[in-house]
Amino acid sequence: MSRVHGVELLPGEKVELVSKPHPLSFLKYHMVSVYLMFLSFSLAWLYYYLQAHNSLLAILDTVFGVAGLRTEETVVLMLFWILLLGGGYVMSVLWTTKMPLLYLVTVTAAGTFLEFYLSPPIFIPRAIIKLVLMGMVALFGGVATEAYRRGCTYILTNYRIIMKKRFVSREEREITYDRIADINVRQGILGRIFNYGSIIPIVDSSFVRGEDPALASTLKKASVGVGGGKSFQKPRTATYFSLYGISNLKKARAIISLKRLESREAPILMRIGKLLEGTREAT
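Quick note: the sequence shown, position 7, residue 1249 per the numbering used here, numbers continuous.
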């Protein structure tokens, strides 16, 4: 038996398409890293700018003066919390998931803890230590996201669909075409331009409809709620199998649709063949 990308092919099995997630399919995750990196440099610049302008500090001191903290440290700390939590809230609304908010709350809390309870090196001011942490988290997040994308491989053969993931751990799943009852395709604006998107093959026995709640609420009929939830019905599968952000979406969808149709027609053709054989024997 031959091997393709570490997968043993069955007798008579041929590879129709090998693909990976499109680089732009993880754009929103890279944008989080860019956002954190931008905040890190912007707040660091603001800190040193305030230090260099004593007249502005004197004005701000009447509003933001806090015992034990210098004015520039207080301003940067307040903006650190507002911008990260505000950004996390907006992401939670747009993505319909609470994970971005929880992620940024963790970064904010960890950065504040380090600022007050960790003695930074002499060349790093205390107020900057949390910004250094945020920059490191942004850099690590971008690298980890790209490593995860490169570790995903989708293999479409004439018998089955194989999904391989190699990141921290290894995962491999497959599904044969005869088990697919429906195909759910998701494609955004960029996906339509660059021909990528997500394909979810849905199995008969696992097709359900579920709700996706978000921790944050959303704009709906010109009303805004805080601490509420947004939810909507969407297809779910009991055993989740998704070709997320697959490149060459049109070709992949055409292959799956054709092979699914062929697998559904095969039993019927076999029955017709047996009936024809029985008719010949009778005559």
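Heads up, the beta-carbon is just placed ideally off N, CA and C, and yes, glycines get one too. As the structure is a computational prediction, the values presented were derived from the model and not from experiment.
Own chain partners of residue i with C-beta closer than 7 angstroms, once the 5 adjacent residues on each side are dropped
i       : result
LEU1321 : LEU1285
ARG1502 : TYR1419, ILE1422
ARG1415 : MET1405, PHE1483
SER1465 : At SER1465, the pLDDT of 42 sits below 50, so the modelled position is not reliable; the number obtained from the coordinates is stated separately. The answer is none, since no qualifying residue turns up.
LYS1463 : Unreliable placement is indicated for LYS1463, whose pLDDT of 43 sits below 50; the coordinate value is still reported in the next sentence. Excluding sequence neighbours, LYS1463 sits near nothing in its chain.
PHE1409 : ALA1389, TYR1390, GLY1393
GLU1413 : LYS1407
PHE1436 : HIS1264, LEU1266
Beta carbon of residue i nearer than 7 angstroms to that of residue j
i       : j       : result
ALA1380 : SER1275 : yes
SER1440 : ARG1428 : yes
VAL1260 : ILE1397 : yes
PHE1268 : ARG1391 : yes
LEU1292 : LEU1299 : yes
LEU1491 : TYR1438 : yes
LYS1493 : ASN1400 : no
Residue i, DSSP secondary structure in three states
i       : result
GLY1430 : coil
LEU1381 : helix
THR1350 : helix
ILE1425 : strand
ALA1314 : Ala is not the amino acid found at residue 1314; the sequence shown has Glu there. Helix at GLU1314.
PRO1253 : coil
TYR1390 : helix
PRO1342 : helix
LYS1407 : strand
SER1261 : strand
PRO1370 : The identity of residue 1370 in the sequence shown is Ile, whereas the question assumes Pro. ILE1370 falls in the helix class under three-state DSSP.
ILE1435 : helix
TYR1277 : helix
ILE1364 : coil
GLU1507 : helix
TYR1206 : A query on residue 1206 cannot be resolved here, the shown segment of the chain reaching from 1243 to 1525 and no further.
LYS1462 : Unreliable placement is indicated for LYS1462, whose pLDDT of 44 sits below 50; no coordinate value is reported for it.
SER1244 : coil
SER1489 : strand
SER1440 : strand
Contacts around residue i, its chain only, beta-carbon distance under 6 angstroms, and the 5 residues preceding and following it disregarded
i       : result
LEU1432 : LEU1266
LEU1485 : TYR1396, ILE1441
TYR1271 : THR1387
ALA1458 : Unreliable placement is indicated for ALA1458, whose pLDDT of 47 sits below 50; the coordinate value is still reported in the next sentence. Only TYR1331, SER1334, VAL1335 meet the Cβ criterion.
PRO1342 : GLY1330, MET1333, SER1334
ARG1506 : none
ASP1303 : THR1313
GLY1430 : none
Minimum C-alpha distance to residue i - residue among the options
i       : options                            : result
GLY1384 : TYR1277, ALA1352, ALA1294          : TYR1277
LYS1340 : LEU1327, ALA1352, ALA1351          : LEU1327
SER1411 : SER1361, VAL1335, ALA1389, LYS1262 : ALA1389
GLU1504 : ASN1426, ARG1402, VAL1445          : ARG1402
PRO1263 : SER1489, ARG1495, PRO1253          : SER1489
ALA1533 : GLU1255, GLY1487, GLU1507, GLU1314 : Outside the shown range of the chain, which is 1243 to 1525, sits residue 1533, and nothing can be said about it.
VAL1347 : LEU1500, ILE1324, ARG1506, MET1273 : ILE1324
VAL1349 : GLY1430, PHE1382, GLY1487, ILE1366 : PHE1382
LEU1319 : ARG1368, ILE1301, THR1304          : ARG1368
ILE1425 : ILE1301, PRO1253, LEU1500          : LEU1500
TYR1290 : ARG1434, GLY1254, PHE1436, ILE1366 : ILE1366
Neighbour flag for residue i against chain C, beta carbons, 7 angstroms
i       : result
ILE1324 : You won't find chain C in this structure, because it holds only one protein chain.
Heavy atom of the ligand ADP within 6 angstroms of residue i beta-carbon
i       : result
HIS1247 : The ligand ADP is not among the ligands present in this structure, which contains no ligands whatsoever.
Same chain only: Cβ atoms within 8 angstroms of residue i, ignoring 5 sequence neighbours per side
i       : result
GLY1377 : LEU1278, MET1279, SER1282, PHE1283
ILE1497 : GLU1258, LEU1259, LEU1398
ILE1417 : ARG1402, ILE1403, PRO1443, VAL1445, PHE1483
ARG1495 : ILE1425, VAL1427, ILE1441
**Report entry** Meets three-Cβ-pair contact criterion under 8 angstroms: the segment 1249-1261 and the segment 1286-1298
**Finding:** no
Query raised in the report: Three or more beta-carbon pairs under 8 angstroms between the segment 1350-1357 and the segment 1371-1379, yes or no?
Result: yes
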